[in-house]
Amino acid sequence: MRKLILILFFCYSSFLSLAQGNVDEGLAFQYYQQGQYHEASVLLEKLFNSTKNDTYFDLWYTSLIKLKKLEDAERIAKRLVKQNPKNLHYTMALARVYQEKGQIDAANKAYAETLNNLPADEFKIREVANIFYSFQAYDLAISTFLQGRKVLNNEKIFTYELLSIYRFKKDKNMLVQEYINALGQMPELLPQAESVLSTIFEDNADYLILQSALLKKIQKEPQTEIYTKLLIWQYLQQQEYELALRQLIAQDKRIKDDGGILFNAANTFVANQAYTTAIKAFEYLISKGKGNPYFLPAKVEMIDAKYQLVIAGQYDKKAITDLSTEYTQIISEYGKTVQTVFAMKKLANLQAYFLNDLSSAEKTLEDALTISGLSATETGQMKLELGDIYILTQQPWEAFLIYEQVAKQFENQAVGNEAHFRSAKLSFYQGNFAYAKSQADVLKASTSQLIANDALNLSLMISDNLQSKIDSNALKMYADAEMLQFRNLPTKALGKLDSIAIKFPDNGLADDILMAKSRIYIKTNDINNAVKVLKELIAQQSNSLWADDALFTLADLYEKNLKNNEEAKTLYQKLISDYPGSMFTTEARKRFRKLRGDNIGT
């Protein structure tokens, strides 16, 4: 019985000691985190002496340094080094206190001793590097990992750790070098490399660091495709599309690819409006022959890229005629089907707005609408396009009827709201301002922010310019100019807009005229004049309902056309600050953050 009591007593004592230790540990961590280093150091010293746990030592030692008790810290470290000469924790702690005391030579000597005596133990090497990292000695952490590679005779180990530190330090040269060294053996790192580099790189000079390193590596290891892939990505990031295409074609020939890589890249060119380069890529794919799986898709996409050039105002009349012939050939070869309706729609657009062949455009769309199997939404959208052509062929009543038909069929849907808005615009062109305004007022509550904004602008423009006879007459001329632009007659539209101020010098449409002119210049690819009128609107009409539109449009031109990211950032920031309620604010904020280099997960 007495023996049992003694056993229970010792168990209870051990339990109390363990419980007390847990309490001390919790309090110690709490004091440390709150910056109460004196209270923390007392408990941590007690915990270390009872357990010899290096985690307690690191926190205790750091607490002493924070308290500037450097003599105590040095004395403790020396004692522990003497007792445990192989424990690198204590050697590093001594070096650290030398550094804190300004004894740099002694500190460097101790650090060098630590690095020179690294054991051939991956875990221990990580431990040493983590200790350096914990007191922000990042270069020493790097040196530890690099020395560890030598000790372990393994150049690929510690890759992730070094990448993390280089990224944290924003050491772009070493980050690039580490990725290049790793990718040969670890190609799965490529997506991570692209993501990290795009986040940390700030300008073209940074991308040139990568380009230079890659070209040297490719020269040494031309057979390693991963470097070519990264080089292509780098050219795309710099918008050096022709150089990217050159590498892609060389790669396609070298690896005897089926064209899939190049086809995807060509679509990237299209997405970035590099249509000429995209056309060259598609032409290369077509040259591989009809047996290639990308022959027909490339042919279709090539024609579409040419179409995008046309509507961007970058093709001459002959090229437009040739393009319409290509669409006609597709329709003749494959028939009028659901698969070729895209060609019929684009052919009708060319006929109506670029070749002035309105009767053919009308027939092309009417034929397309007879094709069975079309979705209701696609049918509705084509009817809207046919309604537009009816306006051009001076059949406004037919246009009105078809708009109303689509609006009724797709009530409270995107296509239906678009039909209502086109009906309102038709009334505006005809000078029926009261009806146009009533339609626009209904659409102000549309779920589509773009249509709601356009409807609001139309409503406000009408109400603001019906207050006097001068403004009403000026508005009629403005509506005529809009109609000319709708008919794709930009020169006549500009002439009409310029004549408004001459005929009605005191009209209230100055901001509307400037915004309309900017749209015409952008559509005709006259970017310099577009920038000029947008700047004029922003400077002179800061209270205009078009001010936020003008800011966003100008920023977009600087970003995408003029490649001036700094000016684009300034304009996006101004839009965010001055017009927080604008429909463009969310997109402006997203673009600003992207240009600044933030990682926004997109």
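As numbered in the numbering used here, the sequence shown has no gaps in its residue numbers, which increase by one up to the final residue, 647.
Positions of the beta carbon are idealized from the N, C-alpha and C atoms, including for glycine.
The beta carbon of Ile565 sits closer than 7 angstroms to those of Gln530, Pro535, Ala538, Leu539, all from its chain and outside the five residues before and after it, given in chain order. When DSSP states are grouped into helix, strand and coil, Asn573 belongs to the helix group.
Under the DSSP assignment, Thr415 falls outside any alpha helix (DSSP H); it carries neither an H nor an E label.
For Ser563, the uninterrupted alpha helix (DSSP H) run begins and ends at 555–568, by DSSP. Unbroken beta strand (DSSP E) stretches of 3 residues or longer found wholly inside the stretch 447–532: none. In the DSSP assignment, Lys131 falls outside any alpha helix (DSSP H), carrying neither H nor E. Annotation: the continuous alpha helix (DSSP H) that includes Asn309 extends over 305–316. Along the stretch 201–246, the alpha helix (DSSP H) occurs as fully enclosed runs of 4 or more residues at 204–214, 217–228, 235–245, listed in sequence order. Residue range 99–111 is occupied by the alpha helix (DSSP H) that includes Tyr101. The closest CA to that of Lys325, considering only Ala289, Gln374, Glu167, is found on Ala289.
When the alpha-carbon of Asp551 is set against those of Glu407, Phe455, Asn518, Gly229, the nearest one is in Asn518. Assignment of Gln426 by DSSP, reduced to helix, strand and coil, places it in the helix class. Look at Asp367 here: in three-state DSSP terms it is helix. Contact annotation: Leu235 and Glu223 have beta-carbon atoms that are not nearer than 8 angstroms.
Taking one beta carbon from each stretch, the stretch 557–572 and the stretch 457–475 have fewer than 3 pairs nearer than 8 angstroms; the two do not touch. Selection Ser563, Thr424, Leu590, Ser587 evaluated against Lys577 yields Ser563 as nearest (Cα-Cα).
In this structure Thr96 is exposed. Its beta-carbon is surrounded by fewer than 16 other beta-carbon atoms within 10 angstroms.
Judged by DSSP in its simplified three-state form, Gly147 adopts coil rather than helix or strand. When secondary structure is reduced to three states using DSSP, Gly71 falls in the helix class. Proximity of the stretch 257–265 to the stretch 237–247 falls short of the contact definition, fewer than three beta-carbon pairs being nearer than 8 angstroms.
DSSP places Ser86 in the uninterrupted alpha helix (DSSP H) bounded by 82–96. Taking 8 angstroms as the cut-off, the Cβ atoms of Gly425 and Val386 do not count as close. The residue from Ile515, Gly71, Val355 with its alpha-carbon nearest to that of Phe399 is Val355. As for any alpha helix (DSSP H) of minimum length 4 sitting wholly inside the stretch 372–412, the runs are 386–398, ordered along the chain.
Closest in alpha carbon position to Leu191, among Tyr205, Ser179, Gln181, Phe180, is Tyr205.
The three-state secondary structure of Met347, taken from DSSP, is helix.
For Arg532, the closest C-alpha among the options Leu503, Gly304, Ser86, Tyr435 is that of Tyr435. Nearest C-alpha to Ala174 among Ala600, Arg299, Met137: Met137. Minimum Cα-Cα distance from Ser417 among the listed residues Gly380, Gln458, Leu403, Val451 corresponds to Gly380.
With a threshold of 16 other beta carbon atoms within 10 Å, His134 meets it and is buried. In this structure, the straight-line span from the alpha carbon of Ala526 to that of Lys541 is close to 5 angstroms. The count of Cβ pairs closer than 8 angstroms, one atom from the stretch 160–167 and one from the stretch 178–193, reaches three, so the stretches are in contact. Comparing alpha-carbon positions, the option among Lys390, Glu167, Tyr320 lying closest to Met347 turns out to be Tyr320. In its chain, beyond the 5 residues on either side, Tyr352, Tyr372 have a beta carbon closer than 7 angstroms to the beta carbon of Lys391. Just so you know, the alpha carbons of Phe308 and Phe246 end up roughly 27 angstroms apart. DSSP places Asn249 in the uninterrupted alpha helix (DSSP H) bounded by 249–265.
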